[in-house]
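So for the sequence shown, the working numbering puts the first residue at 12; every next one is plus one.
Even for Gly, the Cβ is constructed at its ideal location relative to N, Cα and C.
Here the structure is laid out as structure tokens; the discussion comes afterwards.
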Amino acid sequence: MRFKVFFSIEGGEIMKRILLASIFFWQLLQPVLAQTLAPFEAQSTVARPYIIELYTSQGCSSCPPAEAWLAEQFNKTDLWQKYFPLAFHVTYWDYLGWKDIFGQRAFSERQYQHLNQKHTRQVYTPQFVINAKECRGWFSGELNGIFAMPQPEVGVLKVRIANQQLEASFAPQPSWAQDKDLHRARLHLALVGSGFTTEIKRGENRHKQLPHDFVVLSLQSLPATALFAGAKDPTLQFTQSLDAIPASAFNAPRLAWVAWLTLNEEPIQAVGGWLEAPHDEIQSQ
């Protein structure tokens with residue numbers, strides 16, 4: 012882009028410097044303002060899925076096996092259809108000498124919320140919470156029985172994200188929606204990264220190269236913006252401007268959006284999907 016600058020003789024040098032400085036900083040700012048992810052669109056099935064939350068830390072020596080199990084178990088056909096794995100890195104291990112680069116205080120608080128809501132009996136790592144219920148038998152195959160249980164048909168969730176703007180709707184099954192207070196529903200949106208490797212230099216995992224998959228990089232929660240009764244069935248609508256893309260996303264080999272609906276803190280429905288070639292999709296125009 013070319014700029015033509017005209018100055019009067021009086022005060023011209025001062026104005027020239029101010030204008031050139033403004034142009035310089037605006038050009039530096041432009042790529043940051045234009046960074047966005049490619050459009051995302053997904054639709055769920057009617058059956059209730061499994062939201063699999065793992066609370067973990069790079070500072071905990073017991074966590075790498077749990078993270079490896081999460082990556083191995085759910086990188087399969089039903090990923091983003093039946094199974095929605097989410098690794099929340101907590102911060103309360105940071106005092107032992109290694110600060111988890113993915114840790115967020117909000118994720119530690121989320122884990123304590125599960126305790127306060129009696130979804131769990133303790134707070135520890137690694138901890139699995141599946142559909143708002145604590146599950147301790149991940150290492151012994153006990154979860155296979157949970158995943159084999161039939162799930163109710165709850166409704167269809169649709170989500171579209173473009174230019175950091177979210178639009179979503181949920182059309183519940185009439186039989187499921189009876190006596191449900193849908194006004195209390197909330198939509199949660201996570202940007203998830205996979206394929207990370209971190210060299211741990213201190214703490215319980217020092218001198219190890221740790222792989223990380225399904226890492227939650229950002230999390231937003233929003234209420235419904237509208238509830239349409241319709242001629243027969245109600246429909247929930249959600250619209251929201253999303254937070255800025257976190258810096259950690261720019262280093263992710265793979266990125267995915269995961270959106271899930273809760274009612275009274277219990278997961279109801281979800282959608283998700285990988286974003287192809289994430290580094291190309293974070294555009295600087």
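Asked, Found
"Inter-residue spacing [alpha-carbon to alpha-carbon] between alanine 235 and glycine 206", "33 angstroms"
"Glutamine 84 versus Ser73, Gln92 and Pro96, residue with shortest Cα-Cα distance", "Pro96"
"Counted within 10 angstroms of its Cβ, other Cβ atoms place phenylalanine 181 as buried (16 or more) or exposed", "buried"
"Every unbroken alpha helix (DSSP H) within the stretch 234 to 294, with a cutoff of 4 residues, ordered by chain", "289 to 292"
"Contacting residues, own chain, Cβ-Cβ under 8 angstroms from alanine 281 (five flanking each side not counted)", "Ser55, Pro60, Ile62, Phe95, Leu168, Val269, Ala270, Trp271 and Leu272"
"Other residues of its chain near glutamine 251: CB distance less than 6 angstroms, five sequence neighbours each side excluded", "Leu177 and Leu233"
"CA-to-CA distance, lysine 144 to proline 137, given in whole angstroms", "14 angstroms"
"Proximity of glycine 301 and glycine 108 at Cβ, strictly below 7 angstroms", "Only positions 12 to 296 of the chain appear in this structure, which leaves residue 301 out of reach."
"Leucine 48 (DSSP reduced to helix, strand or coil)", "coil"
"Collapsed DSSP secondary structure at serine 73 in the structure displayed", "coil"
"Own chain, CB closer than 6 angstroms to leucine 126, minus 5 neighbours either side, in chain order", "Val134"
"Where leucine 286 falls, given that 16 or more other Cβ within 10 Å makes a residue buried", "buried"
"Inter-residue spacing [alpha-carbon to alpha-carbon] between serine 119 and leucine 65", "11 angstroms"
"For alanine 159, the nearest candidate out of Lys93, Asp254 and Ala77 (CA to CA)", "Lys93"
"Assigned secondary structure, proline 222 (DSSP; H/G/I helix, E/B strand, else coil)", "strand"
"Alpha-carbon spacing of glutamate 276 relative to lysine 129, whole angstroms", "11 angstroms"
"Beta-carbon proximity list for histidine 356, same chain, < 6 angstroms, skipping 5 on both sides", "Outside the displayed span of the chain (12 to 296) sits residue 356, for which this structure offers no information."
"Start-to-end residues for the beta strand (DSSP E) that takes in isoleucine 112", "Where isoleucine 112 is concerned, there is no enclosing beta strand (DSSP E), given that its DSSP letter is neither H nor E."
"Collapsed DSSP secondary structure at proline 60 in the structure displayed", "coil"
"Beta-bridge partners of phenylalanine 145, as assigned by DSSP", "Reading off the sequence, residue 145 comes out as glutamate, not phenylalanine. DSSP, once it has assigned bridges, lists Val140 as partnering glutamate 145."
"Alpha-carbon to alpha-carbon, aspartate 111 and alanine 98", "13 angstroms"
"Cβ-based burial, glutamate 78 [other Cβ within 10 Å; buried from 16]", "buried"
"Glycine 152 classed as buried or exposed, judged by whether at least 16 other C-beta atoms fall within 10 angstroms", "exposed"
"Enclosing alpha helix (DSSP H) for alanine 159 [first to last residue]", "154 to 159"
"Per-residue burial, asparagine 142 [other beta carbons within 10 Å of its own, 16 or more giving buried]", "buried"
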